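Just so you know, this note's numbering puts 238 at position 224 of the sequence shown, and the rest follows in order with no gaps.
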Amino acid sequence: MYQAINQALDITLKKDASAVIFGEDVAFGGVFRCTVNLQKRYGSDRVFNTPISEHGIVGFGIGLANVGATAIAEIQFADYIYPAFDQIVNEAAKCRYRSGGVFDCGKLTIRTPYGAVGHGGLYHSQSPEAYFAHTPGLKIVVPRGPVQAKGLLLSSIEEPDPCIVFEPKVLYRTAVDEVPVGHYKIEIGKGEIVKEGKDVTLIGWGTQVHILLETADIVEDKLGASCEVIDLLSIIPWDAELVCKARVQALSSGRPAMQIVIGKFVSLSVKKTGRVVVAHEAPRTNGFGAEIAARIQEECFLNLEAPVMRVTGWDTPFPHVFERLYVPDKWRCFAAVKRSLDY
């Protein structure tokens, strides 16, 4: 996946003379090599290191974006994004609004590796997306693989609002796809059905999508039930219509009704299955899964056959030795699906 991200950054630097990339150690390629060789190609005035100050990195990016530059900031680990919280939430997200449109930092994109990696411990494993999801004016995306990483990053860079791209670090070298060579974008705010089903809707983003796909196979094998797996791709805005709405149209040929796109509505998922499991690595309390569950309850209550189930990290600091017990795995997700089916 890191190569796809590198391609997106290369494309941006090549086509946009105002684009700059900056952060801790990005000049030599970064910890995960996402910016490798970019300084060599485009020079040290466009790809450069910064002091170790996340607050300063984002503040600098806000200033650049306000004067028209395409600012691509890297926070080396999402666990260290908190010193920049004020700059992101009070400055970047509100800049256009509070200035009446005079100033605009929509050309700011913040990339940051996030999530569990297997041995990261307390300061290299956190999933802080919910902190920022409460902030109007931001957009937040999370790719599940190389194709999505490149398309979402290019969309974020060209998006008129400031964006945070949370990149699941465990996927940098484990996720493999055939990635289109040229420029392409994936629309922010649109989810994707990665596996169709009729009995239970499984919702996740980033690494958890792969866990849910494994879960769906186990459910089919052991319970004979069919799971529909949805990758949200975007946290803010998230595709509530994909999850909650349904508009089913039978085909004139007399075949059974099937999924078809009607405008921006798709005939899926909660109103079809009546059961939902949401999975994420962040702690349970006030995790973004709670927002999804609340929205589903508001819009699909009469269609639900069981309560919305959540499979999440625990309400504790992220452990090192017990990481395997902390992060949702296929068996915890399977247990939630079984509870939903048995309800």
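Note that beta-carbon positions come from the ideal geometry of N, C-alpha and C, so glycine has one too. Source: prediction; values computed, not measured.
In or out: residue i buried (at least 16 other Cβ within 10 Å) or exposed?
{"i": "residue 33", "result": "buried"}
{"i": "residue 44", "result": "buried"}
{"i": "residue 159", "result": "buried"}
{"i": "residue 277", "result": "Interpretation of residue 277 is limited by its pLDDT of 27, a score under 50 that renders its predicted location unreliable; the figure taken from the coordinates is listed afterwards. Residue 277 should be labelled exposed."}
{"i": "residue 25", "result": "buried"}
{"i": "residue 133", "result": "exposed"}
{"i": "residue 173", "result": "buried"}
{"i": "residue 66", "result": "exposed"}
{"i": "residue 201", "result": "exposed"}
{"i": "residue 130", "result": "buried"}
{"i": "residue 331", "result": "exposed"}
{"i": "residue 316", "result": "exposed"}
{"i": "residue 195", "result": "exposed"}
{"i": "residue 271", "result": "Here residue 271 scores only 31 on pLDDT, less than 50, and its place in the model should not be relied on; the value that follows carries that caveat. That one is exposed."}
Just to confirm my understanding: we take residue i, look at its own chain, exclude 5 residues before and 5 after, and list those with CB closer than 6 Å. What are they?
{"i": "residue 351", "result": "214, 233 and 291"}
{"i": "residue 229", "result": "344, 347 and 348"}
{"i": "residue 307", "result": "322"}
{"i": "residue 135", "result": "334"}
{"i": "residue 20", "result": "48"}
{"i": "residue 210", "result": "242"}
{"i": "residue 198", "result": "165"}
{"i": "residue 325", "result": "293, 342, 346, 347 and 350"}
Of the choices the options, whose alpha-carbon is the least far from that of residue i?
{"i": "residue 108", "options": "93, 127, 294 and 146", "result": "146"}
{"i": "residue 243", "options": "252, 313 and 284", "result": "284"}
{"i": "residue 110", "options": "304, 126, 132 and 81", "result": "81"}
{"i": "residue 303", "options": "183, 25, 142 and 237", "result": "142"}
{"i": "residue 186", "options": "40, 48, 63 and 29", "result": "48"}
{"i": "residue 221", "options": "75, 155 and 118", "result": "155"}
{"i": "residue 170", "options": "333, 339, 22 and 325", "result": "22"}
{"i": "residue 224", "options": "294, 172 and 173", "result": "294"}
{"i": "residue 305", "options": "257, 340 and 330", "result": "257"}
{"i": "residue 58", "options": "42, 106, 325 and 312", "result": "42"}
{"i": "residue 85", "options": "106, 122 and 325", "result": "122"}
{"i": "residue 182", "options": "205, 117, 296 and 238", "result": "296"}
{"i": "residue 205", "options": "188, 255, 196 and 195", "result": "255"}
For residue i, which residues in the same chain have their Cβ closer than 7 Å to its Cβ, ignoring the five residues on either side in sequence?
{"i": "residue 320", "result": "289, 354 and 357"}
{"i": "residue 203", "result": "248, 251 and 253"}
{"i": "residue 40", "result": "49, 61, 63 and 88"}
{"i": "residue 30", "result": "84"}
{"i": "residue 314", "result": "258, 284 and 285"}
{"i": "residue 184", "result": "129, 130, 131, 132 and 221"}
Taking only the alpha-carbon atoms, compute the straight-line gap between residue i and residue j and give it to the nearest angstrom.
{"i": "residue 226", "j": "residue 219", "result": "10 Å"}
{"i": "residue 260", "j": "residue 286", "result": "Any reading at residue 260 is ruled out, since the residue's pLDDT is 43, under 50, leaving its predicted position unreliable."}
{"i": "residue 335", "j": "residue 342", "result": "15 Å"}
{"i": "residue 91", "j": "residue 161", "result": "22 Å"}
{"i": "residue 16", "j": "residue 126", "result": "12 Å"}
{"i": "residue 262", "j": "residue 212", "result": "Residue confidence for residue 262 is low, a pLDDT of 33 falling below 50, so the modelled location carries little weight and cannot support an answer."}
{"i": "residue 75", "j": "residue 38", "result": "13 Å"}
{"i": "residue 164", "j": "residue 193", "result": "8 Å"}
{"i": "residue 113", "j": "residue 240", "result": "51 Å"}
{"i": "residue 99", "j": "residue 128", "result": "16 Å"}
{"i": "residue 9", "j": "residue 191", "result": "Past the boundaries of the shown model lies residue 9; the chain is included only from 15 to 357, so the question cannot be answered."}
{"i": "residue 180", "j": "residue 216", "result": "21 Å"}
With a CB to CB cut of under 8 Å and the five nearest residues on each side skipped, what residues in its chain are close to residue i?
{"i": "residue 268", "result": "Because residue 268 sits at a pLDDT of 38, beneath the cut-off of 50, its placement in the model cannot be relied upon, and the following sentence gives the value as read from the coordinates. The answer is none, since no qualifying residue turns up."}
{"i": "residue 102", "result": "72, 95, 124, 146, 149, 152, 176 and 178"}
{"i": "residue 318", "result": "284, 288, 289, 290, 310 and 311"}
{"i": "residue 275", "result": "Low per-residue confidence applies at residue 275: pLDDT is 31, beneath 50, and the placement is therefore not dependable, though the value from the model is reported in the following sentence. There are no such residues."}
For a quick check, are the C-beta atoms of residue i and residue j less than 8 Å apart?
{"i": "residue 97", "j": "residue 138", "result": "no"}
{"i": "residue 120", "j": "residue 175", "result": "yes"}
{"i": "residue 157", "j": "residue 166", "result": "yes"}
{"i": "residue 301", "j": "residue 144", "result": "yes"}
{"i": "residue 78", "j": "residue 56", "result": "no"}
{"i": "residue 60", "j": "residue 89", "result": "no"}
{"i": "residue 53", "j": "residue 93", "result": "no"}
{"i": "residue 208", "j": "residue 245", "result": "yes"}
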